[in-house]
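Trainee: Sharing a structure, written as C-alpha coordinates. Questions coming.
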Amino acid sequence: MTDGKVVKTLNGKSTCFNDYTVGGKKVILANGAKLVTVDLMAPNGIVQELQKPLWPQAVNNITELIYKHKALTNFTSYLKKSGVDLTGTGPFTVFVPSNEAFKVYSGDTGENMVNYHVVDGTYYSAGLSNKQKLTTHLKKIFIHEEVTILIDNGHMSVKGRKDTASVTTMDLAALNGVIHILDKVLTPPFI
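Here it is in C-alpha coordinates:
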(Lines of atoms letter the chains of each structure in order from A and count residues from 1; the text may use other names and numbers.)
(Lines give C-alpha, C1' and ligand atoms only; values in the text may rest on other atoms or scores of the structure.)
Protein backbone atom coordinates (compact mmCIF):
# COMPACT_ATOMS: atom_id res chain seq x y z
CA MET A 1 0.00 0.00 0.00
CA THR A 2 1.27 3.46 -0.85
CA ASP A 3 0.42 6.30 1.54
CA GLY A 4 -2.04 8.67 -0.11
CA LYS A 5 -2.94 6.18 -2.86
CA VAL A 6 -6.41 6.78 -4.32
CA VAL A 7 -8.29 3.88 -5.91
CA LYS A 8 -11.71 3.68 -7.57
CA THR A 9 -14.36 1.40 -6.07
CA LEU A 10 -16.83 -0.62 -8.14
CA ASN A 11 -19.39 2.19 -7.89
CA GLY A 12 -16.89 4.67 -9.35
CA LYS A 13 -16.19 6.51 -6.09
CA SER A 14 -12.65 7.17 -4.87
CA THR A 15 -11.09 5.78 -1.70
CA CYS A 16 -7.85 7.20 -0.30
CA PHE A 17 -5.51 4.93 1.67
CA ASN A 18 -3.07 6.15 4.31
CA ASP A 19 -0.55 4.05 6.17
CA TYR A 20 1.14 4.85 9.45
CA THR A 21 3.29 3.19 12.07
CA VAL A 22 1.67 3.49 15.51
CA GLY A 23 3.36 1.90 18.50
CA GLY A 24 5.60 -0.09 16.18
CA LYS A 25 2.63 -1.55 14.28
CA LYS A 26 1.49 -0.72 10.76
CA VAL A 27 -1.94 0.94 10.60
CA ILE A 28 -3.80 1.33 7.30
CA LEU A 29 -6.79 3.65 6.87
CA ALA A 30 -9.31 3.89 4.03
CA ASN A 31 -10.92 7.35 3.95
CA GLY A 32 -10.03 7.56 7.64
CA ALA A 33 -11.52 4.16 8.58
CA LYS A 34 -9.00 1.76 10.14
CA LEU A 35 -8.51 -1.62 8.48
CA VAL A 36 -8.67 -4.17 11.30
CA THR A 37 -8.31 -7.36 9.24
CA VAL A 38 -6.64 -7.24 5.84
CA ASP A 39 -6.53 -9.47 2.78
CA LEU A 40 -9.15 -12.07 3.71
CA MET A 41 -9.50 -14.36 0.72
CA ALA A 42 -13.04 -14.81 -0.62
CA PRO A 43 -14.25 -16.83 -3.62
CA ASN A 44 -14.76 -13.67 -5.66
CA GLY A 45 -11.97 -11.40 -4.37
CA ILE A 46 -10.25 -10.08 -1.27
CA VAL A 47 -12.06 -8.64 1.76
CA GLN A 48 -10.76 -5.82 3.98
CA GLU A 49 -12.51 -5.48 7.37
CA LEU A 50 -12.96 -1.89 8.60
CA GLN A 51 -13.37 -0.58 12.15
CA LYS A 52 -16.17 1.77 11.06
CA PRO A 53 -18.25 2.44 7.93
CA LEU A 54 -16.40 3.60 4.85
CA TRP A 55 -17.58 7.09 3.94
CA PRO A 56 -17.15 8.47 0.42
CA GLN A 57 -14.01 10.47 -0.22
CA ALA A 58 -14.35 14.16 0.55
CA VAL A 59 -15.36 16.62 -2.16
CA ASN A 60 -13.99 19.83 -0.56
CA ASN A 61 -10.41 20.94 -0.01
CA ILE A 62 -9.26 22.01 3.46
CA THR A 63 -10.11 25.68 2.93
CA GLU A 64 -13.60 24.91 1.56
CA LEU A 65 -14.28 22.52 4.44
CA ILE A 66 -13.26 25.12 7.03
CA TYR A 67 -15.27 27.87 5.29
CA LYS A 68 -18.43 25.71 5.26
CA HIS A 69 -18.27 24.73 8.95
CA LYS A 70 -20.42 27.10 11.02
CA ALA A 71 -18.40 26.60 14.24
CA LEU A 72 -15.19 27.74 12.49
CA THR A 73 -16.11 31.19 11.17
CA ASN A 74 -13.49 33.00 13.28
CA PHE A 75 -10.66 30.80 11.96
CA THR A 76 -12.11 31.26 8.46
CA SER A 77 -11.74 35.03 8.84
CA TYR A 78 -8.15 34.77 10.10
CA LEU A 79 -7.26 32.26 7.37
CA LYS A 80 -8.51 34.66 4.68
CA LYS A 81 -6.60 37.62 6.17
CA SER A 82 -3.38 35.63 6.67
CA GLY A 83 -2.88 34.70 3.03
CA VAL A 84 -2.04 31.10 4.01
CA ASP A 85 -3.06 28.86 1.10
CA LEU A 86 -4.58 25.49 2.02
CA THR A 87 -6.25 24.89 -1.35
CA GLY A 88 -3.26 23.14 -2.95
CA THR A 89 -2.63 19.43 -3.20
CA GLY A 90 -1.10 19.24 0.28
CA PRO A 91 -1.77 17.01 2.01
CA PHE A 92 -2.35 19.00 5.18
CA THR A 93 -3.64 18.34 8.67
CA VAL A 94 -5.14 21.43 10.27
CA PHE A 95 -5.98 21.71 13.96
CA VAL A 96 -8.74 24.33 13.77
CA PRO A 97 -9.78 26.25 16.90
CA SER A 98 -13.55 26.60 17.28
CA ASN A 99 -15.37 29.91 17.58
CA GLU A 100 -15.67 29.22 21.33
CA ALA A 101 -11.87 28.92 21.54
CA PHE A 102 -11.41 32.41 20.13
CA LYS A 103 -13.73 33.94 22.75
CA VAL A 104 -11.00 33.52 25.38
CA TYR A 105 -7.95 34.05 23.15
CA SER A 106 -6.30 37.46 22.89
CA GLY A 107 -3.07 36.65 21.06
CA ASP A 108 -1.87 36.87 17.47
CA THR A 109 -4.50 36.05 14.84
CA GLY A 110 -2.32 36.47 11.77
CA GLU A 111 -0.19 34.23 9.61
CA ASN A 112 1.89 32.92 12.55
CA MET A 113 -1.17 31.73 14.45
CA VAL A 114 -2.65 30.05 11.37
CA ASN A 115 0.64 28.34 10.44
CA TYR A 116 1.05 27.05 14.01
CA HIS A 117 -2.12 25.00 13.46
CA VAL A 118 -1.06 23.45 10.11
CA VAL A 119 1.15 20.39 9.53
CA ASP A 120 2.12 18.61 6.33
CA GLY A 121 0.61 15.16 5.77
CA THR A 122 -2.75 13.56 6.43
CA TYR A 123 -2.99 12.55 10.10
CA TYR A 124 -6.26 10.86 11.01
CA SER A 125 -6.67 10.14 14.73
CA ALA A 126 -6.18 6.38 14.22
CA GLY A 127 -2.78 7.10 12.69
CA LEU A 128 -1.48 9.16 15.61
CA SER A 129 0.25 7.93 18.75
CA ASN A 130 0.72 9.40 22.22
CA LYS A 131 3.57 11.94 22.44
CA GLN A 132 4.01 11.99 18.66
CA LYS A 133 5.59 15.22 17.47
CA LEU A 134 4.35 16.94 14.31
CA THR A 135 6.18 19.76 12.55
CA THR A 136 4.01 22.84 11.94
CA HIS A 137 4.25 25.41 9.16
CA LEU A 138 5.35 28.03 11.71
CA LYS A 139 9.06 28.70 11.59
CA LYS A 140 11.51 31.09 13.19
CA ILE A 141 14.81 31.61 11.41
CA PHE A 142 14.42 28.43 9.34
CA ILE A 143 13.49 26.24 12.32
CA HIS A 144 9.94 24.86 12.26
CA GLU A 145 7.94 24.66 15.47
CA GLU A 146 6.42 21.37 16.61
CA VAL A 147 3.26 20.35 18.41
CA THR A 148 2.87 17.15 20.41
CA ILE A 149 -0.12 14.82 20.16
CA LEU A 150 -1.37 13.50 23.50
CA ILE A 151 -3.74 10.51 23.56
CA ASP A 152 -5.34 9.20 26.75
CA ASN A 153 -8.20 6.66 26.71
CA GLY A 154 -9.30 7.69 23.23
CA HIS A 155 -9.18 11.42 24.04
CA MET A 156 -6.79 13.41 21.86
CA SER A 157 -5.11 16.73 22.72
CA VAL A 158 -2.56 18.89 20.94
CA LYS A 159 0.20 20.44 23.05
CA GLY A 160 1.99 23.53 21.84
CA ARG A 161 4.88 25.23 23.60
CA LYS A 162 2.58 27.47 25.66
CA ASP A 163 -0.72 25.60 25.94
CA THR A 164 -2.68 22.41 25.30
CA ALA A 165 -5.98 22.11 23.41
CA SER A 166 -8.44 19.22 23.45
CA VAL A 167 -9.67 17.85 20.13
CA THR A 168 -13.47 18.08 20.23
CA THR A 169 -14.13 16.76 16.72
CA MET A 170 -11.73 14.44 14.91
CA ASP A 171 -11.17 13.33 11.35
CA LEU A 172 -13.11 15.74 9.15
CA ALA A 173 -11.84 14.63 5.75
CA ALA A 174 -10.95 16.95 2.89
CA LEU A 175 -9.64 16.28 -0.62
CA ASN A 176 -6.19 17.45 0.43
CA GLY A 177 -6.04 16.32 4.05
CA VAL A 178 -8.00 16.32 7.28
CA ILE A 179 -9.04 18.75 10.02
CA HIS A 180 -9.51 18.29 13.76
CA ILE A 181 -11.42 20.90 15.79
CA LEU A 182 -9.83 22.28 18.99
CA ASP A 183 -11.33 23.82 22.12
CA LYS A 184 -8.41 26.29 22.48
CA VAL A 185 -6.16 28.32 20.23
CA LEU A 186 -2.52 27.23 20.31
CA THR A 187 -0.53 30.37 21.09
CA PRO A 188 2.47 30.76 18.78
CA PRO A 189 5.62 30.46 20.96
CA PHE A 190 7.52 33.55 19.89
CA ILE A 191 4.72 36.07 19.63
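All residue numbers for the sequence shown refer to my numbering, where the first residue is 1161 and numbers rise by one.
Every residue gets a Cβ at the ideal spot worked out from N, C-alpha and C, and that includes glycine.
1) For asparagine 1290, which residues in the same chain have their Cβ closer than 8 Å to its Cβ, ignoring the five residues on either side in sequence?
2) Among residues of its own chain, excluding the 5 on either side of leucine 1294, which ones have a beta-carbon nearer than 6 Å to its beta-carbon?
3) Tell me the rounded alpha-carbon separation between leucine 1210 and glycine 1281.
4) Is it a yes or a no for the region 1265-1274 touching the region 1235-1243, going by three-plus beta-carbon pairs under 8 Å?
5) Assign glycine 1248 to one of two classes, buried (16 or more other C-beta atoms within 10 Å of its C-beta) or exposed (fewer than that).
6) Quick check for students: name the residue ranges of the alpha helix (DSSP H) that lie wholly in the region 1195-1270, counting only runs of 4 or more.
7) To the nearest angstrom, report how far apart valine 1327 and proline 1203 are at their CA atoms.
8) Cα separation between proline 1251 and tyrosine 1238?
9) Can you give the Cα-Cα distance for lysine 1263 and valine 1345, rounded to whole angstroms?
10) Identify, in the order they occur along the chain, each residue of the same chain with its Cβ nearer than 8 Å to the Cβ of methionine 1316, setting aside the five sequence neighbours on each side.
11) Thinking C-beta only, is glutamate 1305 closer than 8 Å to tyrosine 1283?
12) Determine the extent of the beta strand (DSSP E) in which glycine 1337 is found, giving its start and end residues.
13) CB-CB under 7 Å to alanine 1334, same chain, minus the five flanking residues each way: which ones, in chain order?
Mentor: The short version:
1) Numbered from 1 along the sequence shown, position 130 holds the residue referred to as residue 1290. If we look at asparagine 1290 and ignore the five residues flanking it on each side, its Cβ neighbours are Ile1309, Leu1310, Ile1311 and Asp1312.
2) If you number the sequence shown from 1, residue 1294 lands on position 134. Counting only Cβ-Cβ distances below 6 Å, and skipping sequence neighbours, we find Val1279 and Val1307.
3) Stepping through the sequence shown from its first residue, residue 1210 is reached at position 50. Stepping through the sequence shown from its first residue, residue 1281 is reached at position 121. Looking at the two C-alpha atoms, the distance is approximately 22 Å.
4) yes
5) Numbered from 1 along the sequence shown, position 88 holds the residue referred to as residue 1248. Classification of glycine 1248: exposed, given that the 10 Å Cβ count is below 16.
6) 1222-1228, 1233-1242 and 1259-1263
7) Locating residue 1327 in the sequence shown gives position 167, counting from the first residue. Locating residue 1203 in the sequence shown gives position 43, counting from the first residue. Rounded to whole angstroms, valine 1327 to proline 1203 spans 42 Å at the Cα level.
8) For the purposes of this step, residue 1251 is identified with residue 91 of the sequence shown, where counting begins at 1. For the purposes of this step, residue 1238 is identified with residue 78 of the sequence shown, where counting begins at 1. Their Cα atoms are separated by approximately 21 Å.
9) One-based indexing of the sequence shown puts residue 1263 at position 103. One-based indexing of the sequence shown puts residue 1345 at position 185. Whole-angstrom Cα-Cα distance: 10 Å.
10) In the sequence shown, counting from the first residue as 1, residue 1316 sits at position 156. Closer than 8 Å at the Cβ level, and outside the excluded window around methionine 1316, lie Ser1285, Leu1288, Ile1309, Leu1310, Ser1326, Val1327, Met1330 and His1340.
11) As a position in the sequence shown, residue 1283 is number 123, starting the count at 1. As a position in the sequence shown, residue 1305 is number 145, starting the count at 1. No; because the gap between Cβ atoms is not below 8 Å, this pair is not in contact.
12) Taking the sequence shown and counting its residues from 1, one reaches residue 1337 at position 177. Residues 1337-1342.
13) Within the sequence shown, the letter at position 174 stands for residue 1334. Excluding positions up to five away in sequence, the list reads Ala1218, Asn1220, Asn1221, Ile1222 and Leu1225.
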